[in-house]
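If you use this note's numbering, the sequence shown corresponds to residues 2 to 308, in order. Below is one structure, written out as structure tokens; comments come after it.
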Amino acid sequence: MIMPASSGPQTVSPLRSVVIPVAGRGTRLLPATKAVRKELLPIGRKPLILYAVEEAATSGIDHIIFVCARSDSSLQRFFERDIQLEHFLDVHGVQGEAEKLRAMFSGLRFSFVNQSAPLGLADAIRCARPEIKDEAFGVILPDALIISQNPCIAQLAECYRRHRRPVIATRLVQMFETRRYGILVVDSERPEKDMRTVRVRSMVEKPSPQCAPSLYGVFGRYVLAPEVFDAIDNTQPDPSGELQLTDALNSYCNSNPVYGYLFEGRHIDTGNWHGFVEATIECLLADVELAPVLSRYMSPSSAPCNN
Ligand code: G1P
Numbered sequence: 002m003i004m005p006a007s008s009g010p011q012t013v014s015p016l017r018s019v020v021i022p023v024a025g026r027g028t029r030l031l032p033a034t035k036a037v038r039k040e041l042l043p044i045g046r047k048p049l050i051l052y053a054v055e056e057a058a059t060s061g062i063d064h065i066i067f068v069c070a071r072s073d074s075s076l077q078r079f080f081e082r083d084i085q086l087e088h089f090l091d092v093h094g095v096q097g098e099a100e101k102l103r104a105m106f107s108g109l110r111f112s113f114v115n116q117s118a119p120l121g122l123a124d125a126i127r128c129a130r131p132e133i134k135d136e137a138f139g140v141i142l143p144d145a146l147i148i149s150q151n152p153c154i155a156q157l158a159e160c161y162r163r164h165r166r167p168v169i170a171t172r173l174v175q176m177f178e179t180r181r182y183g184i185l186v187v188d189s190e191r192p193e194k195d196m197r198t199v200r201v202r203s204m205v206e207k208p209s210p211q212c213a214p215s216l217y218g219v220f221g222r223y224v225l226a227p228e229v230f231d232a233i234d235n236t237q238p239d240p241s242g243e244l245q246l247t248d249a250l251n252s253y254c255n256s257n258p259v260y261g262y263l264f265e266g267r268h269i270d271t272g273n274w275h276g277f278v279e280a281t282i283e284c285l286l287a288d289v290e291l292a293p294v295l296s297r298y299m300s301p302s303s304a305p306c307n308n
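Right under this line is the structure:
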């Protein structure tokens, strides 16, 4: 259930909009994703996309902009009201369920923009430009699930409030992981007392461990300023033809301050089966009603058995 912004941990957010790119094919989760978008696969009781939307809503952000593949409207249908279903639940007296569905997205506004071809993350963000107006906005990559009391995008928004400059969620990675992430080069001095903010000097997309300039990985949450759109327009596609957000931000930070924020929380990459299962277990263990079911399987002596 989406918590209304007022019950979230934050005061008024300096951000009104968040961009959530959902145009990927989910090939690492085949065959499950052959006919169902990966963002609609359940992690525990909820589809993956709801975790990203809840993160934004509890951070006080009320305009959610999805960047979708043109051919697919299933995500849009999930966020539309289903009057027939609500009527069915009302008539059949399924207690409270119709009410819960009606309240689920109240106070939130959803926009859906199309990305005509899979041309990379920076291109996806650029597709949202007409919806953004001239103000800072958040970006949440829904595959990167970040479990935290204080939502990760709210942590970045708070850092943005202090500096009024783009902020990138970062965390130290292991040497062998550099190929999976954008990697930041940061100043050794930290500009704030809490030591979580770092000044970014440059960045590179998924370097090999031999070429990685540091171990500060980029983790799927950003606060960006509208000027970043110009940097995207001036970015060249990578060898695979994709426009990388890391490349655009790298050129942007040559002449503009950009910050990294060492976020609190646990990151799980749900875009592959290992992470998907890990996230499922984590969410089930946090569910008071379902955790005992899982616990029975986790204790070998009491695992359910049919014979
Ligand atoms: C994207 C970004 C990368 C970032 C990663 C994890 O890559 O391009 O810089 O580290 O998300 O959030 P993707 O995993 O979509 O290929």
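All C-beta atoms, glycine included, are put in the ideal place defined by N, C-alpha and C.
Worksheet item: How would you write the range of the beta strand (DSSP E) that Arg172 sits in, first residue to last?
Response: Where Arg172 is concerned, the enclosing beta strand (DSSP E) starts and stops at 168-173.
Worksheet item: Does the distance from the CB of Ile184 to the CB of Val205 come in under 8 Å?
Response: Yes; because the gap between Cβ atoms is below 8 Å, this pair is in contact.
Fill in: Alpha-carbon to alpha-carbon, Tyr298 and Ala170
Those two C-alpha atoms are separated by around 35 Å.
Worksheet item: Thinking C-beta only, is Val229 closer than 8 Å to Tyr253?
Response: In this structure, Val229 lies closer than 8 Å to Tyr253 by Cβ.
Item to complete: Indicate, with yes or no, if the ligand G1P has a heavy atom lying under 7 Å from the CB of Glu40.
Response: Incorrect: Glu40 has no Cβ contact closer than 7 Å to the ligand G1P.
Worksheet item: Tell me which same chain residues have a C-beta within less than 7 Å of the C-beta of Arg130, skipping the five on either side of it?
Response: Cβ within range, chain order: Phe230.
Practice prompt. Please go through the same chain and pick out, in chain order, the residues whose beta-carbon is closer than 8 Å to the beta-carbon of Val259, but skip the five residues on each side of it.
Written response: Arg166, Pro167, Val168, Ile169, Arg200, Val201, Leu250, Tyr253.
Worksheet item: Lys207 and Arg172: beta carbons closer than 8 Å?
Response: Result no, Cβ atoms of Lys207 and Arg172 do not sit closer than 8 Å.
Worksheet item: Can you tell which of Cys153, Gln211, Leu120 has the C-alpha that lies nearest to the C-alpha of Gly61?
Response: For the set Cys153, Gln211, Leu120, the Cα lying nearest the Cα of Gly61 is the one of Cys153.
Worksheet item: Under the rule that 16 or more other beta-carbon atoms within 10 Å means buried, what is Gly108, buried or exposed?
Response: Classification of Gly108: exposed, given that the 10 Å Cβ count is below 16.
Worksheet entry | Nearest-angstrom Cβ-Cβ length linking Ile1 and Leu146, presumed shorter than 8 Å | Residue numbering for the chain in the displayed model covers 2 to 308; residue 1 lies beyond these limits and cannot be assessed.
Discussion item. Three or more C-beta pairs under 8 Å: does that hold for the stretch 133-145 against the stretch 211-230?
Written reply: Verdict: yes, contact present.
Worksheet item: Mind checking Ser14: buried by the 16 CB within 10 Å criterion, or exposed?
Response: When all chains shown are included, Ser14 counts as buried.
Worksheet item: So does the stretch 107-123 actually touch the stretch 22-34, counting three or more Cβ pairs closer than 8 Å?
Response: The stretch 107-123 is in contact with the stretch 22-34.
Fill in: Cys160 classed as buried or exposed, judged by whether at least 16 other C-beta atoms fall within 10 angstroms
So Cys160 counts as buried.
Worksheet item: Looking at the structure shown, is Val219 part of a helix, part of a strand, or coil, going by DSSP?
Response: Strand at Val219.
Worksheet item: When burial is assigned at 16 or more other CB atoms within 10 Å of the CB, is Phe89 buried or exposed?
Response: Phe89 comes out exposed.
Discussion item. Tell me which residues share the same chain as Leu291 and place their Cβ nearer than 8 Å to its Cβ, disregarding the 5 neighbours each side in the sequence.
Written reply: Counting only Cβ-Cβ distances below 8 Å, and skipping sequence neighbours, we find Gly45, Arg46, Leu285.
Worksheet item: Quick one: is Val309 buried, meaning 16 or more other Cβ sit within 10 Å of its Cβ, or exposed?
Response: Nothing about residue 309 can be reported from this structure: the residues present for the chain run from 2 to 308 only.
Item to complete: Could you give the DSSP three-state label for Asn255: helix, strand or coil?
Response: Secondary structure of Asn255 (DSSP, three-state): helix.
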